[in-house]
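Protein chains in written order, with our numbering: chain A, 2 to 339; chain B, 14 to 301.
Cβ atoms here follow ideal geometry from the backbone N, Cα and C, with glycine treated the same way.
Below is one structure, written out as structure tokens; the observations come after it.
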């Protein structure tokens, strides 16, 4: 931009055109490095695969929240609702004789998406505060429902005793969590590919438009409501798949899949990693859960205090989270290098 | 049956009065500063612990401990407003939500560290225990005390807002910050004072509520929904709205738990979603 007065031969013409094009979705080197990490973990740290698959699942869940929060700007305080619907769907299917994992995953995702679609009509009315309250309210209603319907869901005791079949008839879930880890990783990666394409599409761009200026989007001929409901449904579906993954890999569904603390924790994870990047949720999940594994072992009360303090500090001083901070450093290094 | 119904209704009103007392500060914060403060329950908790500690450790009588709870919570509120909240008035709602969740977590952890995770016992003075016969009905003495106190405080608040110079400044600031500042009103001072007043009332409510709501470190999260609900349903910065919402909520919650205990908390959550869908801007919303 500073080269505006320079002769056109010097300024690369491609750069000026690219500003107005769709977001570039070619794979970059850091992304390839990023995805090689979980593969390396599988071979290098076989003792941590159970924690590893938890991180992958929570990462997928955080990515689902990023779709509505980071891209469309919808704050949800009750995203655990869809995670829980997915988990219970997959758990109940397996408990009642259908332990086939892949179809279970699809059914759970579709169920959660359907709930999300209906909820979307309720949530996406009114202003910010009302939305916040309705997302929270829907999650609380579902939590109470699961709590009271203990003959179906097991109530506080949770849902256990399910048997999962082999994945594709070949891979049996093992104690060390090797299959669970790879299964979660493959599902996460495939869904990530789809979502990455989605947010870099014209639709994804229009979502960012909604986030930045709701009132101007209709003037461009774009229906805000349709887009919000669409992305809310997709997000709920992805959250449902994450919940189903948790149910299938641990073969247990606890009532707290629907709890408020899970929704709040998810917000923290996403903000810690950085919103509006898809990768933020994954980075946040890894950092948060590894830290929790280490610190909560020492003292759970301290852990809650420090996570609270961390949140306050992030909001006051480090908007953008880890990835935002890294980007800032990267930009500064490049500027001083040039 | 009828006496029973009236008894439940009265319990609901007392419960709603308490919710109103705690939530009115939140209503003002949201209406005046447009700040979504999920940590509001923590101020009530401060008041609750102050009351319990004063009574148990220092032997202060209940009625004398309550004003102290008000003052302590108000001071904590004023300090936090000056140091932290003020920086985020212009921030997005997401930032405010995250910030206040962070504060809530810290408050819960700190309370657990100092007082342990258990429920705190409280011994009410003898004249507030037991039922009292009013017009042939058995009503709880403490419930009557609660309702009477909240009526007095509500009148005080209405007088403060409608009749005093400070109240006029508050109303002007709610309507338009810019215009008020232009007229020479020190909007920052109005914010600080109302925040402190709101926190103090929450603290007072927390002290009064130890017997009714129970007090343990998870208090701010356990009742967060109720406080938010009073504001969301009532419409921000409206005493009338908050009172109506708190009473509806209190009556439905108590009646739900009494008549259909199996469904329990369900009633309140469904009521909340329905009310929010019917009145997205609150019962007395300004932004229709």
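- Neighbourhood of residue 265 of chain B in chain A, by CB distance below 7 Å: empty, with the nearest CB roughly 14 Å away.
- At a cut-off of 8 Å between beta carbons, residue 149 of chain A contacts chain B.
- In the structure shown, residue 168 of chain A falls within a strand segment according to DSSP collapsed to helix, strand and coil.
- A direct Cα-to-Cα measurement between residue 135 of chain B and residue 220 of chain B gives close to 10 Å.
- C-alpha of residue 298 of chain A to C-alpha of residue 207 of chain B: approximately 42 Å in a straight line.
- Interface annotation for the region 115–144 of chain A against chain B: 123, 126, 127, 128, 129, 130, 131, 133, 134, 135, 137, 138, 139, 141 and 142, criterion Cβ-Cβ distance under 8 Å.
- Neighbours of residue 58 of chain B in chain A, taken as residues at a C-beta separation under 9 Å, are lacking, since the least C-beta distance is about 14 Å.
- A buried status is given to residue 50 of chain B, since no fewer than 16 other beta-carbon atoms sit within 10 Å of its beta-carbon.
- Among the bridge pairs identified by DSSP, residue 188 of chain B is matched with none.
- Residues of the region 77–111 of chain B whose Cβ lies closer than 9 Å to any Cβ of chain A, in chain order: 97, 100, 101, 104, 105, 106, 107, 108, 109, 110 and 111.
- None of the residues of the region 20–54 of chain A has a beta carbon lying less than 9 Å from any beta carbon of chain B.
- Under the Cβ criterion (8 Å, minimum of three pairs), the region 44–64 of chain A does not count as touching the region 220–234 of chain A.
- Taking 8 Å as the cut-off, the beta carbon of residue 43 of chain A is found closer than this to the beta carbon of residue 183 of chain A.
- Within the model, the alpha-carbon separation for residue 109 of chain A versus residue 245 of chain A is close to 6 Å.
- Counted as a single uninterrupted DSSP element, the beta strand (DSSP E) harbouring residue 146 of chain B occupies residues 144–147.
- Here residue 160 of chain A is bridged, per DSSP, to A:254.
- Residue 82 of chain A and residue 240 of chain A have their C-alpha atoms spaced approximately 9 Å apart.
- For residue 233 of chain B, no CB of chain A lies under 8 Å from its own CB, so it is not counted at the interface with that chain.
- In terms of Cβ geometry, residue 229 of chain B and residue 133 of chain B form a close pair [threshold 8 Å].
- Annotation: residue 256 of chain A to residue 148 of chain B spans about 47 Å, alpha carbon to alpha carbon.
- Inclusion of residue 258 of chain B and residue 280 of chain B in the CB contact set at 8 Å is not warranted, their separation being larger than that value.
- Relative to residue 212 of chain A, the option among B:27, B:201, B:105 and B:260 whose CA is nearest is B:105.
- For the pair residue 83 of chain B and residue 217 of chain B, the CB atoms are nearer than the 8 Å cut-off.
- Not a single CB atom of chain A sits nearer than 8 Å to the CB of residue 46 of chain B.
- Residue pairing by DSSP places residue 152 of chain B opposite B:145 in a beta bridge.
- A direct Cα-to-Cα measurement between residue 209 of chain B and residue 62 of chain B gives close to 18 Å.
- Spatial neighbours of residue 186 of chain B in its own chain (CB-CB distance under 7 Å, excluding positions within 5 residues in sequence) are listed in chain order as 45, 193, 198, 200 and 203.
- With contacts defined as CB atoms closer than 8 Å, residue 111 of chain A and residue 123 of chain A fail to qualify as a contacting pair.
- C-alpha of residue 31 of chain B to C-alpha of residue 104 of chain A: approximately 50 Å in a straight line.
- From the beta-carbon of residue 115 of chain B, the residues of chain A found nearer than 9 Å are 269, 308, 309, 310, 311, 312, 313, 314, 315 and 316.
- One finds nothing in chain A with a Cβ atom closer than 9 Å to the Cβ of residue 150 of chain B; even the nearest lies about 32 Å away.
- Interface annotation, residue 238 of chain B: in contact with chain A, CB-CB separation under 8 Å.
- Nearest to residue 107 of chain B by alpha-carbon distance, out of A:308, A:271, A:283 and A:296, is A:271.
- Put simply, the backbone Cα of residue 28 of chain A is about 13 Å away from that of residue 195 of chain A.
- The Cβ atoms of residue 95 of chain A and residue 164 of chain A lie closer than 8 Å to each other.
- Across the region 58–88 of chain A, CB contacts with chain B closer than 9 Å involve 70, 74, 76 and 78, in sequence order along the chain.
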